[in-house]
Amino acid sequence: MRTLIENIGQLLTMDTTLRDFRSPVGGRVLGLVDDAALLIDGGLVRWLGPADELPPAMASGARRVDAGGRVLMPGLVECHTHLVFGGSRAHEFAMRAAGASYEEIARAGGGIASTVGATRTTSADELLQSGLKRLDGFARMGVTTVEIKSGYGLSAEHELKILEVIRSLQREHPLDIVGTFLGAHIVPPEHREHRERYIDQLCREMIPEVARRQLAEFCDVFVEEGAFSVAEARAILAAARAAGLARKVHAEQLTHTGATLLAAEMEAVSADHLDHATRADADALTQAGTAAVLLPGATFFLGKSRYPNGKLFIDAGATVAISTDYNPGSSYTQNLWLMGTLACTYCGLAPAQALWTMTRGAATAINRQNTAGHLRPGITADFLILDTADWEDALYLYGGNPVAEVYKAGVLLA
Ligand code: NIG
Ligand code: FE
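My numbering puts the first residue of the sequence shown at 299, with every later residue one more than the last.
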């Protein structure tokens, strides 16, 4: 079954390089083609380019869809979420509005630990049902690939429960899902007096088991005061590497700990947050080929004033990605477009660069640089038609959703 999308006013292929990403020219960053057409065959992109160059024989007999002169671009890639959790932390939002800080709330037993409590008492089936709804929410926003972390179980039983839910989401939902083990989110309350026992369990039991059962592709660690030290994280990531899991690190979010240098040392695929990262950190990431994932929604929602400095990473030559960090505590939003706007306002990205980081950059941050986040012949036909004829509107009209239609593997999602 072939489908020809014609009358595309602006086609953004994102089939561009890191060098293009650093260019000040929007069209070059985006791989922009005006007055374009795109042919889908069997769920894959068969051809794309200027409409007047389409070989007539290729399109003959295809079903035709009129894009109405609007923008067509790759499906968004969401490279950092904590989507499987029980309970709500709306009351913490109210506490922060009244002046309490995220760190104070966590020290008083709220924060991540409170979601761990709620998630442990939520059944796998309930987590699956809420997870499916949340994925629908991302799909409506134009996201076609989603990374999901565990990390609200923090015992072998409950972490495996969450990872099984992620696997079920992979089977039951049309979006592409990438799983990450975040057993090292915090030390769970029952191990607080002897944290080395939990770290030992992570390294000797949980990580090997997750890898053996192929329940995750990545292993992530939250390095922060109140979470894990750099030395502890080094042991955990070494165990992950030995088990064959790729690495990710939550780094320099609330303070500077040195976690970015550890991410580089461990050849992590990404280092995420980076609000307090330095130029030396940016250079180390670039050297190691580790992507810099900026999460300005967490900075915003926690009411912090120091945003990650995107320019630092662009100037160093690193691959940059942005993400919502969707989770019940520090960033409860599914609006990746809004993150793009924040990245322009507070992180120093140009609008075209922000769009690249939400697609090609984010795909690179989850090892999907060859299969997601861009459009070219042979790739899965994951793309969006926006409700505008000008790509510059996408982040400028901010806080909404510019998506008119979402195609996953060539099929229009309802
Ligand atoms: O990415 N930084 C650690 N983890 C999450 C927050 C999780 C939570 O507050 O529940 C984050 O911001
Ligand atoms: Fe996170």
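All residues carry an ideal CB built from backbone N, CA and C; glycine is no exception.
Nearest residue (CA-CA) to residue i, options the options
i      : options                           : result
Leu513 : Asn699, Ala712 and Val463         : Val463
Arg344 : Cys377, Thr678 and Thr597         : Thr678
Ala596 : Ala589, Ile612, Thr617 and Leu636 : Leu636
Glu507 : Val485, Phe520 and Leu543         : Leu543
Asp581 : Phe598, His574 and Leu610         : Leu610
Ala538 : Leu500, Val375 and Ser428         : Leu500
Ser453 : Arg495, Glu515 and Asp623         : Arg495
Leu593 : Pro486, Leu473 and Asp623         : Asp623
Ile306 : Thr588, Leu330 and Leu316         : Leu330
Leu430 : Val375, Val528, Val327 and Arg469 : Arg469
Asn665 : Gly477, Asp691, Arg387 and Thr420 : Gly477
Leu381 : Gly451, Pro348 and Gly325         : Gly451
Glu523 : Ala687, Met504, Ala404 and Val327 : Ala404
Glu401 : Ser621, Gln551 and Tyr605         : Gln551
Ala614 : Arg432, Phe681, Arg577 and Leu600 : Arg577
Residue i, enclosing beta strand (DSSP E) - first and last residue
i      : result
Phe681 : Phe681 to Leu684
Arg490 : Looking at the DSSP string, Arg490 is not in any beta strand (DSSP E), and its letter there is neither H nor E.
Ile534 : Not the beta strand (DSSP E): Ile534 falls in the alpha helix (DSSP H), residues Val528 to Ala541.
Thr346 : Reading off the sequence, residue 346 comes out as Leu, not Thr. Looking at the DSSP string, the run of the beta strand (DSSP E) that includes Leu346 is Leu342 to Pro348.
Thr417 : Premise fails: Thr417 lies in the alpha helix (DSSP H), Ile410 to Arg418, not in any beta strand (DSSP E).
Glu376 : Leu374 to Glu376
Leu592 : Ala589 to Leu592
Thr584 : From DSSP, Thr584 is part of no beta strand (DSSP E) but of the alpha helix (DSSP H) over Arg577 to Ala586.
Phe479 : Asp474 to Ala482
Arg300 : Arg300 to Leu310
Exposed unless 16 or more other CB atoms sit within 10 angstroms - verdict on residue i
i      : result
Val323 : exposed
His389 : exposed
Leu710 : exposed
Gly373 : buried
Arg658 : buried
Lys546 : buried
Asp423 : exposed
Gln651 : buried
Met564 : buried
Asp350 : exposed
Pro486 : buried
Thr315 : exposed
Tyr694 : exposed
Short Cβ contact (8 Å threshold) for residue i with residue j
i      : j      : result
Asp332 : Gln308 : yes
Ile683 : Arg320 : no
Ala549 : Asp518 : no
Val591 : Cys377 : yes
Lys447 : Leu480 : yes
Ala360 : Arg300 : yes
Ala670 : Thr655 : no
Ala661 : Val375 : yes
Phe383 : Thr417 : yes
His672 : Met439 : no
Thr617 : Tyr696 : no
Val567 : Ala482 : no
Ala533 : Ile484 : no
Thr413 : Pro649 : no
Ala707 : Gly341 : yes
Leu328 : Leu310 : yes
Residue range of the unbroken alpha helix (DSSP H) whose run includes residue i
i      : result
Trp654 : Pro649 to Trp654
Ser568 : It is not in any alpha helix (DSSP H) - Ser568 instead sits in the beta strand (DSSP E) that spans Ser568 to His571.
Phe391 : Ala388 to Ala395
Leu636 : Leu634 to Tyr644
Phe319 : Leu316 to Arg320
Asp313 : Run containing Asp313: none; DSSP gives neither H nor E here.
Leu454 : The residue you asked about is not Leu; residue 454 is Ala in the sequence shown. Per DSSP, Ala454 belongs to the alpha helix (DSSP H) from Ala454 to Glu470.
Cβ-heavy atom distance, residue i to the ligand SAH, below 7 Å
i      : result
Gly409 : This structure does not include the ligand SAH; its bound ligands are the ligand NIG and the ligand FE.
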